[in-house]
Amino acid sequence: MSDAHRPEQDAPPAAGERGASLWRDALVRLRRNHLAVAGLVVLFALLVVSLLTPWIAPYGYEEQDLALGAVPPDSAHWFGTDLLGRDLFTRVLYGGRISLLVGFAATGVSLCVGVLYGAFAGYLGGRTDALMMRFVDILYSLPFVIFVIILTVYFGRNIVLLFMAIGAVEWLTMARIVRGQVMSLRQKEFIEATTVMGLPRRRVLLWHLIPNTLGPIIVYATLTVPRVMLMEAFLSYLGLGVQAPMSSWGLLINEGVQTMENRPWMLIFPSLALSITLFSLNFLGDGLRDALDVRASKD
Amino acid sequence: MLKYIIRRLLGFVPTLFVIATIVFFLIRLAPGGPFDADRNVSDEVLRNLEAYYRLDAPLHEQYFRYLWDVLHGDLGPSFEKPSRTVSEWIAYRFPVSLELGLYGLAVALVLGLCAGITASLRPNTLTDHGPMTFAMAGICIPNFVLGPLLVLALSIHLGWLPVSGWEYPEDKILPAITLGVPYAAYIARLSRGGMLEVLSQDFIRTARAKGLSEARVVLRHALRGGIQPVVAFLGPATAGLITGSFVVENIFQIPGLGSEFVGAALHRDYTMILGTVLFFAALILLFNLLVDLAQAWLDPRVRYE
Chain A
0 MSDAHRPEQD APPAAGERGA SLWRDALVRL RRNHLAVAGL VVLFALLVVS LLTPWIAPYG
60 YEEQDLALGA VPPDSAHWFG TDLLGRDLFT RVLYGGRISL LVGFAATGVS LCVGVLYGAF
120 AGYLGGRTDA LMMRFVDILY SLPFVIFVII LTVYFGRNIV LLFMAIGAVE WLTMARIVRG
180 QVMSLRQKEF IEATTVMGLP RRRVLLWHLI PNTLGPIIVY ATLTVPRVML MEAFLSYLGL
240 GVQAPMSSWG LLINEGVQTM ENRPWMLIFP SLALSITLFS LNFLGDGLRD ALDVRASKD
Chain B
0 MLKYIIRRLL GFVPTLFVIA TIVFFLIRLA PGGPFDADRN VSDEVLRNLE AYYRLDAPLH
60 EQYFRYLWDV LHGDLGPSFE KPSRTVSEWI AYRFPVSLEL GLYGLAVALV LGLCAGITAS
120 LRPNTLTDHG PMTFAMAGIC IPNFVLGPLL VLALSIHLGW LPVSGWEYPE DKILPAITLG
180 VPYAAYIARL SRGGMLEVLS QDFIRTARAK GLSEARVVLR HALRGGIQPV VAFLGPATAG
240 LITGSFVVEN IFQIPGLGSE FVGAALHRDY TMILGTVLFF AALILLFNLL VDLAQAWLDP
300 RVRYE
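Top line first, the protein sequences correspond to chains A and B.
Counting with numbering that gives the first Met the number 0, you get residues 0 to 298 for the letters of the first sequence.
Counting with numbering that gives the first Met the number 0, you get residues 0 to 304 for the letters of the second sequence.
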């Protein structure tokens, strides 16, 4: 990992002829992994579609047609309609927006908290580190599904709080990973050099230590996104997350389960959307892990 | 080792104390209470209720009283369902969750280990990619999708298994599969990784050079080291299987502790929430301790610290 950091004194590579850096190697390896590339393409398409949803969705997400009711897929409604005559294709699109939003925002929260917390603990070491990690251990034994349920029940069911709550419990493993990395990096010569140069500690931490832990951070963040999405879907499925008439894959799946006997399309399309997204993210995460050669962490 | 176990058990106390504190203040600081608007009670009744459940005392006093009661093994009365105390509710509902969790664990271990070990024997061939594709599917298809799909296919269309319930042995097959499959997927991936690492080591080559049969090499020599990552995963996994079955209990209408908890949270049943959280946290701590002991037994290099 340490060769990602090149001391400035090194002769800079000639322009146009850059050496094979860690990142370039990783990119080459990633490209060879077809599943990961496919995952990336699907995610990119999903992102574009989500951004454009208000313009490309054929109907409004709460546009009802009670006279029509639930009809199976046809040319007017590609995924069919639900009991209130709402177009399922539109609702799946809007659900995707929510899923992606929650997935990335909550991962962002967990990333910020986890990276900073872990880096501080690892860098400061000693008693502070012991105390900080003891706190993480305690939170680990908090049944976290329960914790999120409590948070969402008590602090309203709005979406910002939802991803704050999920992010607040998902940073623990990130903190552990970053701490471990920082602890081992601290022994390296280039960090000793920063001490010799008299750099302030904050600068060492933010500019020299954290950038060198980027590999594991990226990999773990990629694998956190699907977990968070699953969590959102799970909460919405239980009726604790996104509320109707807004749409979410978990919510749609729940509605589908209620009537799956007679209207299987209501279960199948949202399930497919969720599963395909999770597949893509997991394949990409695995691919990145192999490409960046990050040793598998405990989970 | 006994000393180690006792020390770890004593360490549970501060952890549970911190958890009780966090959760206590978290649910109390939020707006709303268990005897809110939707129930039509007069002010007088409300005051009596609050006095009975000691909700009229200052918050810190309630907190210390609660801790004192918990230290005496009393988790308090349930607000929502006063027919039993919280401890009695847990004793009544938990066995169902435990049973379901253990079936799920059995499914997870059998499926996961078979798939993982098979995959590790011939890496990057069909017998590797096949099981691993299924493992990926197990991770990516959430159990609230898998469960209903299984019901749709096996119960409704084929009529082989009951749709829901928790009485007869055949009722328990689909819930166990639904609960166990995601964990089986993780176990498959972990055991494949662990086995691959061990199988490339010198002592395995030595064992093969001695002319031992492949089955003996794999099962006697490699397995012990190869399943270490699985054992480490089993702590959180077992706790998750036993406590995290909300969805499965919901889908199959199983009267376990998980569904009880969701109801309690929705009704702001303070004592019930706190009691279940503490109970689950204690279980998680216990399983982590068991895992650490198992790891030390499997790998003598691990020391009791």
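Think of the CB as a built atom: it goes at the ideal place given N, C-alpha and C, for glycine as much as any other residue.
Just so you know, these numbers come straight off a predicted model, no measurement behind them.
| Check | Outcome |
| --- | --- |
| Run the CB neighbour count on B:Pro76, radius 10 Å, all protein chains shown included, and call it buried at 16 or more, exposed below. | buried |
| What residues match up with B:Pro76 in a beta bridge as DSSP calls it? | B:Thr84 |
| Would you list the residues sitting across from A:Thr80 in a DSSP beta bridge? | A:Asp86 |
| Go to A:His33, then tell me how far its alpha helix (DSSP H) extends in each direction, as first and last residue. | 33-55 |
| From this set, B:Gly274, B:Pro168, B:Val230, which residue's C-alpha is nearest B:Arg188's C-alpha? | B:Val230 |
| Chain B beta carbons: is any one of them nearer than 9 Å to that of A:Phe189? | no |
| Measuring CB atoms only, is the stretch 266-282 of chain A touching the stretch 125-140 of chain B, in the sense that at least three cross pairs come out at less than 8 Å? | yes |
| What residues in the stretch 137-165 of chain A bring their beta carbon closer than 7 Å to a beta carbon of chain B? | Ile137, Ser140, Leu141, Pro142, Val144, Ile145, Ile148, Ile149, Val152, Tyr153, Phe154 |
| Just to confirm before moving on: does the CB-CB distance between B:Leu240 and B:Leu110 stay below 9 Å? | no |
| Below 7 Å between beta carbons is the criterion; list the residues of the stretch 216-245 of chain A that meet it against any residue of chain B, in chain order. | Leu229, Ala232, Phe233, Tyr236, Leu237 |
| Check the Cβ of B:Ile283 against every Cβ in chain A and list those closer than 7 Å, keeping chain order. | Ser140, Pro142 |
| Quick one: what does DSSP say B:Gln200 is sitting in, helix, strand or coil? | coil |
| How would you call B:Gln227, buried or exposed, if buried means at least 16 neighbouring beta carbons within 10 angstroms? | buried |
| Is the beta carbon of B:Leu148 closer than 9 Å to that of A:Leu266? | yes |
| What's the call for B:Glu259, buried or exposed, on a 16-neighbour Cβ count within 10 Å? | buried |
| DSSP three-state call for A:Tyr60: helix, strand or coil? | coil |
| DSSP three-state call for B:Ser96: helix, strand or coil? | helix |
| Straight-line CA distance for B:Leu273 to B:Ala19? | 7 Å |
| Check each candidate in A:Glu231, A:Pro57, A:Tyr60, A:Ser247 and name the one with the smallest Cα separation from A:Leu160. | A:Glu231 |
| Anything in chain A within Cβ reach of B:Val246, meaning under 9 Å, just list it in chain order. | Phe233, Tyr236, Leu237 |
| May I ask which residues mark the beginning and end of the alpha helix (DSSP H) holding B:His128? | 125-139 |
| In the DSSP assignment, the alpha helix (DSSP H) including A:Ala232 goes from what residue to what residue? | 213-236 |
| If we ignore side chains and look at the alpha-carbon of each, how far apart do B:Arg300 and B:Ala264 end up? | 44 Å |
| Let me know the secondary structure DSSP gives B:Gly10 once reduced to three states. | helix |
| Mind checking A:Pro57: buried by the 16 CB within 10 Å criterion, or exposed? | exposed |
| Can you tell me which of A:Thr258, A:Gly117, A:Ser235, A:Leu251 puts its alpha carbon nearest to the alpha carbon of A:Ser364? | Nothing can be reported for residue 364 of chain A: it is not among the residues displayed for chain A, which extend from 0 to 298. |
| Mind checking if A:Asp256 is an interface residue toward chain B, Cβ cutoff 9 Å exclusive? | At residue 256 of chain A the sequence reads Val, which differs from the Asp that was named. Closer than 9 Å to some Cβ of chain B, the Cβ of A:Val256 qualifies, so yes. |
| Give the straight-line distance between the Cα atoms of A:Ile190 and A:Leu184, rounded to the nearest whole angstrom. | 7 Å |
| Within 10 Å of its beta-carbon, does B:Gly255 have 16 or more other beta-carbons around it, so buried, or fewer, so exposed? | buried |
| In this structure, does DSSP put B:Asp298 in helix, strand or coil? | coil |
| With DSSP collapsed to three states, give me the class of B:Phe251. | coil |
| Residues in the same chain with beta-carbon distance under 7 Å from B:Phe16, minus the five sequence neighbours each way, listed in chain order, please. | none |
| Quick one: is A:Leu277 near chain B, going by C-beta distance under 9 Å? | yes |
| Are A:Leu141 and B:Ala280 closer than 9 Å when you measure CB to CB? | yes |
| Between A:Pro299 and chain B, is there a C-beta pair that is closer than 9 Å? | Summary: the structure shown does not reach residue 299 of chain A, with chain A confined to residues 0 through 298, and so no result is reported for it. |
| By alpha-carbon positions, which one of B:Val162, B:Gly72, B:Pro94 ends up nearest to B:Leu277? | B:Gly72 |
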